[in-house]
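Trainee: Here it is: the structure, laid out below.
There are 2 protein chains.
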Amino acid sequence: MYNFVFQNTTKVYFGDNQLSHLGEEVKQFGTRVLLTYGGGTIKKIGLYDKVIDELKKANLTVFELSGIEPNPRHTKVNKGADICKKEKIDVLLAVGGGSTIDCTKVIAAATFYDGDSWDLVTHKAPVTKTLPICTVLTLSATGSEMDSGAVISNLQTNEKYGLMHPLLQPKVSFLDPTNTFSVSPYQTACGSADILSHVFDIFYFNKSEKIDMVERVTEDVIKTVIKYTPIAIQEPTNYRARANLMWASTWALNGFLQTGGEFHAPCHAMEHELSAFYDITHGLGLAIITPRWMEYILDESNVSQFKKFGVNVFGIDPKLPDMDIARKAISLLSDFLFNKLNLKSTLHEIGIDDKNFMTMAHKACRGGVLNGFKPLTEEDIEKIYRMCL
Amino acid sequence: MYNFVFQNTTKVYFGDNQLSHLGEEVKQFGTRVLLTYGGGTIKKIGLYDKVIDELKKANLTVFELSGIEPNPRHTKVNKGADICKKEKIDVLLAVGGGSTIDCTKVIAAATFYDGDSWDLVTHKAPVTKTLPICTVLTLSATGSEMDSGAVISNLQTNEKYGLMHPLLQPKVSFLDPTNTFSVSPYQTACGSADILSHVFDIFYFNKSEKIDMVERVTEDVIKTVIKYTPIAIQEPTNYRARANLMWASTWALNGFLQTGGEFHAPCHAMEHELSAFYDITHGLGLAIITPRWMEYILDESNVSQFKKFGVNVFGIDPKLPDMDIARKAISLLSDFLFNKLNLKSTLHEIGIDDKNFMTMAHKACRGGVLNGFKPLTEEDIEKIYRMCL
Numbered sequence: 206m207y208n209f210v211f212q213n214t215t216k217v218y219f220g221d222n223q224l225s226h227l228g229e230e231v232k233q234f235g236t237r238v239l240l241t242y243g244g245g246t247i248k249k250i251g252l253y254d255k256v257i258d259e260l261k262k263a264n265l266t267v268f269e270l271s272g273i274e275p276n277p278r279h280t281k282v283n284k285g286a287d288i289c290k291k292e293k294i295d296v297l298l299a300v301g302g303g304s305t306i307d308c309t310k311v312i313a314a315a316t317f318y319d320g321d322s323w324d325l326v327t328h329k330a331p332v333t334k335t336l337p338i339c340t341v342l343t344l345s346a347t348g349s350e351m352d353s354g355a356v357i358s359n360l361q362t363n364e365k366y367g368l369m370h371p372l373l374q375p376k377v378s379f380l381d382p383t384n385t386f387s388v389s390p391y392q393t394a395c396g397s398a399d400i401l402s403h404v405f406d407i408f409y410f411n412k413s414e415k416i417d418m419v420e421r422v423t424e425d426v427i428k429t430v431i432k433y434t435p436i437a438i439q440e441p442t443n444y445r446a447r448a449n450l451m452w453a454s455t456w457a458l459n460g461f462l463q464t465g466g467e468f469h470a471p472c473h474a475m476e477h478e479l480s481a482f483y484d485i486t487h488g489l490g491l492a493i494i495t496p497r498w499m500e501y502i503l504d505e506s507n508v509s510q511f512k513k514f515g516v517n518v519f520g521i522d523p524k525l526p527d528m529d530i531a532r533k534a535i536s537l538l539s540d541f542l543f544n545k546l547n548l549k550s551t552l553h554e555i556g557i558d559d560k561n562f563m564t565m566a567h568k569a570c571r572g573g574v575l576n577g578f579k580p581l582t583e584e585d586i587e588k589i590y591r592m593c594l
Numbered sequence: 206m207y208n209f210v211f212q213n214t215t216k217v218y219f220g221d222n223q224l225s226h227l228g229e230e231v232k233q234f235g236t237r238v239l240l241t242y243g244g245g246t247i248k249k250i251g252l253y254d255k256v257i258d259e260l261k262k263a264n265l266t267v268f269e270l271s272g273i274e275p276n277p278r279h280t281k282v283n284k285g286a287d288i289c290k291k292e293k294i295d296v297l298l299a300v301g302g303g304s305t306i307d308c309t310k311v312i313a314a315a316t317f318y319d320g321d322s323w324d325l326v327t328h329k330a331p332v333t334k335t336l337p338i339c340t341v342l343t344l345s346a347t348g349s350e351m352d353s354g355a356v357i358s359n360l361q362t363n364e365k366y367g368l369m370h371p372l373l374q375p376k377v378s379f380l381d382p383t384n385t386f387s388v389s390p391y392q393t394a395c396g397s398a399d400i401l402s403h404v405f406d407i408f409y410f411n412k413s414e415k416i417d418m419v420e421r422v423t424e425d426v427i428k429t430v431i432k433y434t435p436i437a438i439q440e441p442t443n444y445r446a447r448a449n450l451m452w453a454s455t456w457a458l459n460g461f462l463q464t465g466g467e468f469h470a471p472c473h474a475m476e477h478e479l480s481a482f483y484d485i486t487h488g489l490g491l492a493i494i495t496p497r498w499m500e501y502i503l504d505e506s507n508v509s510q511f512k513k514f515g516v517n518v519f520g521i522d523p524k525l526p527d528m529d530i531a532r533k534a535i536s537l538l539s540d541f542l543f544n545k546l547n548l549k550s551t552l553h554e555i556g557i558d559d560k561n562f563m564t565m566a567h568k569a570c571r572g573g574v575l576n577g578f579k580p581l582t583e584e585d586i587e588k589i590y591r592m593c594l
């Protein structure tokens, strides 16, 4: 068990009809707002109009940055920062999923930096100050609405990196499950694969002795996703399912599950290379990699954690041999991801071949060893990519 | 499932050897510190010297208020507020358990009020401003180190009330499990009974439809207490046991378990009358009342929640009849409290007879109905007190 510091200051409004508080919350940070969003889904579902309405009622001056991509680019960050500097923006309001929020977080920091925002992402320049960030969430997936991290891609260099800084923490986030009613079955599945991968990759499968309650909560998040994702896909407007997924996704990566444990993310590192080279959906990449990674690393030295996973999450009979429980658990996870959620199960199916595997493997471990439940060399990573073909 | 607002801003340092950060954290709020503590245990265990040492290293000027009682009195709050006004205190540092922290919270508010602090507790005057509060926790029980509540007693009027206000939230709390190594078996048991009662009384046994993950976490807290309290009593310096109890007690009442559900606390209301009249230990009073309250309210309309408790917490066979599972669960809880933790099981054993029951019952429901899993009238409450004799 490790010592730790825990603090999470984000104020969360959860539930339907909470948007009436948006104006007052945004206004406390100033009057000039940059509204950021993605491809226009928020207009289709009527959320854009509601947000604008609340901001106007509060007499706020609204500027806009739209078209933020999945796997958001540093070029879009630069564009946002330019608007903030030019228009003397006081506060940012991200309306969207993890990509929109992540992009907005780095805009908040890049506003106070004179060079290319990629310097902040690659730690060539430090985050020194940020504009305050508010969010209205539209996808249960990354947890960005209540954490201090952001992931940005550079398609010119085929790089995708995460940036973490306390100043990136949103001030206020609005989590209304009805805003996810229109999320497609495919995006719902990808979001849930993302949540699962966070908790497996970062918190559940690592070597540190954990605090019991925290490890049980990790399993609670996993069980919530396994129970409610198929329901949300079958009945997109099932409030209970969408609400359970939303609150679980937020807690999957807001710092709490990390308390007392190690922090590694080998599958994320491997997936970031896939997204950086092929611009695929993050959750889908993680879904394909995670079970193969589990198969690859499973051995006698770590089987007890896989057994715990099988027994506590899938209810597998604890009297079976440990290795059988572990293999069955991994197989049930694959069945969930690729049959129940209907996600594509191989890189081949999404048009990726092995031509960049060596380069990607090298970059994923930055030429050294990728730490985690079992440290992975470049050769290990390449083998895992091949298992995903 | 209810809409809710969640925010918890306290910064927590968890683990041993974190006190080296105390000076820098306190200093950010000013240089004149009022150190508050109880009966001197912190001197016996060497914590007082360590705290003073860190404060001196940070060049802080330290004033002291000692002798804060269990069930802290409004008179002590007044005394603390007088010191703060006279000495122009910038920041409060509470070193102790829930009583010391609660008293300190209300001192923080009373410093900006010119009348008797009891007016704040009874809502005759509003909390408008507070001094910043830091804490060093020495008992796993009330969760006051990471919440915005405080409970204060008035022994002149035999009243004990809770006050909640966002401004009472501690800024920084230091949670070092080794600071609870010297807590006696009796106080460890009372602290754990307190934790259990929070989660039963306030969060687990209520009628609202809950978020799955949150309900499971409630059970995780209960299971942590049931697993680790006997270990902490047998092996007082078992770090793992003390750490699990400490982090679970903090999360038992920091707002998270309340998300999506109702907030009622009938057992607490009944216990506050016992403490107000007889100045008994809060956790002990709750231990005596809680299983009797469960027996009294159990019926066909609410048996499903008791069944969930029996199956998920105690692993009782779900195929048994629901009412059998419910009764067995309550009986196992009594066995845990009164046999495994060795707490006294009746009011008679702690010198309380029935002479004030009518008055206490009247005050507990303030002459109306005490809301909760099953609303209780004055007559109901008196019957429950009699079951505790």
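Chains as they are written, first to last, in this note's numbering: chain A, 206 to 594; chain B, 206 to 594. We put the beta carbon where it would ideally sit given N, CA and C, even for glycine.
1) Specify, as a first and last residue, the run of the alpha helix (DSSP H) that glutamate 229(B) falls within.
2) Could you confirm whether any beta carbon from chain B is found closer than 7 Å to the beta carbon of glutamine 212(A)?
3) Taking the alpha carbon of threonine 362(A) as the reference point, which residue from Glu478(A), Thr455(A), Pro435(A), Thr241(A) has its own alpha carbon closest?
4) Have a look at the DSSP bridge pairing and note the partners of isoleucine 338(A).
5) Look at the Cβ atom of cysteine 472(A), then the Cβ atom of aspartate 406(A), and state whether they are nearer than 7 Å.
6) Residues of chain A with CB under 9 Å from threonine 464(B), in chain order?
7) Do isoleucine 306(B) and serine 349(B) have their C-beta atoms closer together than 7 Å?
8) Under 8 Å: do the segment 368 to 375 of chain B and the segment 426 to 441 of chain B share three or more Cβ pairs, one atom per stretch?
9) Using 10 angstroms around the beta-carbon of histidine 279(B), count the other beta-carbons present and answer buried if the total reaches 16, otherwise exposed.
10) Would leucine 239(B) and leucine 297(B) qualify as a contact pair, given that the criterion is a beta-carbon distance under 7 Å?
11) Among Val332(B), His226(B), Ala394(B), Asn576(B), whose alpha-carbon lies nearest the alpha-carbon of threonine 347(B)?
12) Determine, using beta carbons only, whether aspartate 352(A) comes closer than 7 Å to chain B.
13) Pull the bridge partners of glutamate 364(A) from the DSSP assignment, please.
14) Which of the three DSSP states, helix, strand or coil, is assigned to methionine 369(A)?
15) Is the number of C-beta pairs between the segment 253 to 262 of chain B and the segment 215 to 228 of chain B that are closer than 8 Å three or more?
16) What is the residue span of the beta strand (DSSP E) that asparagine 213(B) lies within?
17) State the start and end residues of the unbroken alpha helix (DSSP H) segment that holds arginine 237(B).
18) Under 7 Å Cβ to Cβ from phenylalanine 386(B), same chain only, skipping five residues before and after it: list those, please.
19) Which residues bound the beta strand (DSSP E) around leucine 380(B)?
20) Could you tell me whether the Cβ atoms of lysine 562(A) and glutamate 587(A) are closer together than 7 Å?
21) On the three-state DSSP scale, how would you describe valine 267(A)?
22) At 7 Å on the CB atoms, spell out the chain A contacts of alanine 448(B), in chain order.
23) Could you name each continuous beta strand (DSSP E) segment of 3 residues or more that falls completely within the segment 368 to 453 of chain B, going from the start of the chain to the end?
24) Using 7 Å as the threshold, is the C-beta distance between phenylalanine 209(A) and threonine 464(A) below it?
25) What residues of chain B sit near threonine 425(A), judged by a beta carbon separation below 8 Å?
26) For aspartate 425(A), count neighbouring Cβ atoms within 10 angstroms of its own Cβ and tell me buried if that reaches 16, exposed if not.
27) Looking only at DSSP bridge pairs, what is leucine 491(A) linked to?
28) What does phenylalanine 595(B) touch in chain A if you count any residue whose Cβ is under 7 Å from its own?
29) Are the segment 528 to 548 of chain A and the segment 494 to 502 of chain A touching by the rule of at least three beta carbon pairs closer than 8 Å?
30) Since alanine 286(A) and isoleucine 247(A) are thought to touch, with beta carbons under 8 Å apart, how far apart are those beta carbons, to the nearest angstrom?
31) At a Cβ threshold of 7 Å, is threonine 333(B) touching chain A?
32) I want to verify the contact list: residues of chain A whose CB lies under 7 Å from the CB of glutamine 223(B), in sequence order.
33) Rank Thr266(B), Tyr391(B), Val217(B) by C-alpha distance to the C-alpha of serine 378(B) and give the top, closest one.
34) Threonine 429(A) CB to nearest chain B CB: under 7 Å?
35) For histidine 469(B) and asparagine 411(B), I'd like the C-alpha separation in whole angstroms.
Mentor: Looking at the coordinates:
1) For the purposes of this step, residue 229(B) is taken as residue 24 along the second sequence, with counting starting at 1. Here the alpha helix (DSSP H) through glutamate 229(B) covers 227 to 232.
2) For the purposes of this step, residue 212(A) is identified with residue 7 of the first sequence, where counting begins at 1. Yes, its Cβ sits closer than 7 Å to a Cβ of chain B.
3) Here residue 362(A) is taken as the residue at index 157 of the first sequence, counted from 1. The candidate whose alpha carbon is nearest that of threonine 362(A) is Glu478(A).
4) Locating residue 338(A) in the first sequence gives position 133, counting from the first residue. Answer by DSSP bridge pairing, in chain order: Leu297(A).
5) Position 267 of the first sequence, counting from 1, holds the residue named residue 472(A). Position 201 of the first sequence, counting from 1, holds the residue named residue 406(A). Contact flag set, yes.
6) Here residue 464(B) corresponds to residue number 259 of the second sequence, with the count starting at 1. Within chain A, the residues near threonine 464(B) are Val217, Phe219, Trp452.
7) Start at 1 with the first residue of the second sequence, and residue 306(B) comes out as number 101. Start at 1 with the first residue of the second sequence, and residue 349(B) comes out as number 144. It is a contact, given that the beta carbons lie within the stated cut-off.
8) no
9) Sequence index remark: in the second sequence, residue 279(B) carries index 74 (1-based). By the 10 Å Cβ count, histidine 279(B) comes out buried.
10) Stepping through the second sequence from its first residue, residue 239(B) is reached at position 34. Stepping through the second sequence from its first residue, residue 297(B) is reached at position 92. For leucine 239(B) and leucine 297(B), yes; Cβs fall inside 7 Å.
11) To locate residue 347(B), count along the second sequence from 1; it is residue 142. The residue from Val332(B), His226(B), Ala394(B), Asn576(B) with its alpha-carbon nearest to that of threonine 347(B) is Ala394(B).
12) As a working mapping, residue 352(A) is identified with position 147 in the first sequence. Chain B, which has no Cβ nearer than 7 Å to the Cβ of aspartate 352(A), makes this no.
13) In the first sequence, the residue the question calls residue 364(A) occupies position 159. Glutamate 364(A) pairs with Asn359(A).
14) Indexing the first sequence from 1 puts residue 369(A) at position 164. Correct three-state label for methionine 369(A): strand.
15) yes
16) Walking along the second sequence from the start, residue 213(B) turns up at place 8. Taken as a continuous stretch (DSSP letters only), the beta strand (DSSP E) holding asparagine 213(B) covers 209 to 219.
17) As a working mapping, residue 237(B) is identified with position 32 in the second sequence. Counting along the chain, arginine 237(B) falls outside any alpha helix (DSSP H), though it belongs to the beta strand (DSSP E) covering 237 to 241.
18) Taking the first residue of the second sequence as position 1, residue 386(B) is located at position 181. Excluding residues within five positions, the ones whose Cβ falls inside 7 Å are Pro441, Thr442, Arg447.
19) Within the second sequence, numbered from 1, the residue matching residue 380(B) stands at position 175. Counting along the chain, the beta strand (DSSP E) containing leucine 380(B) begins and ends at 377 to 380.
20) For this step, residue 562(A) is matched to residue 357 along the first sequence. For this step, residue 587(A) is matched to residue 382 along the first sequence. It should be pointed out that residue 562(A) corresponds to phenylalanine in this sequence rather than to lysine. For phenylalanine 562(A) and glutamate 587(A), yes; Cβs fall inside 7 Å.
21) Taking the first residue of the first sequence as position 1, residue 267(A) is located at position 62. Strand, per DSSP.
22) Start at 1 with the first residue of the second sequence, and residue 448(B) comes out as number 243. In chain order: Met206, Ile416.
23) At a cut-off of 3 residues, the continuous stretches assigned as beta strand (DSSP E) that sit fully inside the segment 368 to 453 of chain B are 377 to 380.
24) Residue mapping note: residue 209(A) aligns to position 4 of the first sequence, counting from 1. Residue mapping note: residue 464(A) aligns to position 259 of the first sequence, counting from 1. Yes, the pair counts as a contact, with Cβ atoms nearer than the cut-off.
25) Position 220 of the first sequence, counted from the first residue, corresponds to residue 425(A). With the sequence shown as reference, residue 425(A) is identified as aspartate, and threonine is not the correct amino acid for it. Ordered by position in chain B, the residues that pass the 8 Å Cβ test against aspartate 425(A) are Asp417, Met418, Arg421, Val422, Asp425.
26) Locating residue 425(A) in the first sequence gives position 220, counting from the first residue. Counting Cβ neighbours within 10 Å, aspartate 425(A) comes out buried, since at least 16 surround it.
27) As a working note, residue 491(A) is residue 286 in the first sequence. Answer is none; leucine 491(A) lacks a bridge partner.
28) Outside the shown range of chain B (206 to 594) lies residue 595(B), about which nothing can therefore be said.
29) Yes: at least three Cβ pairs fall under 8 Å.
30) Looking up residue 286(A) in the first sequence gives position 81. Looking up residue 247(A) in the first sequence gives position 42. Wrong, their Cβ atoms sit about 22 Å apart, outside the cutoff.
31) Within the second sequence, residue 333(B) is the residue found at index 128, counting from 1. Taking 7 Å as the threshold, the shortest C-beta distance from threonine 333(B) to chain A does not fall below it.
32) Translated into the one-based positions of the second sequence, residue 223(B) becomes position 18. Within 7 Å Cβ-Cβ: Asn208.
33) The count along the second sequence starts at 1 and reaches residue 378(B) at position 173. The shortest Cα separation from serine 378(B) among Thr266(B), Tyr391(B), Val217(B) belongs to Val217(B).
34) Within the first sequence, the letter at position 224 stands for residue 429(A). Taking Cβ atoms only, chain B reaches closer than 7 Å to threonine 429(A), which makes this a yes.
35) Counted from its first residue, the second sequence places residue 469(B) at position 264. Counted from its first residue, the second sequence places residue 411(B) at position 206. Going from the Cα of histidine 469(B) to the Cα of asparagine 411(B) covers about 8 Å.
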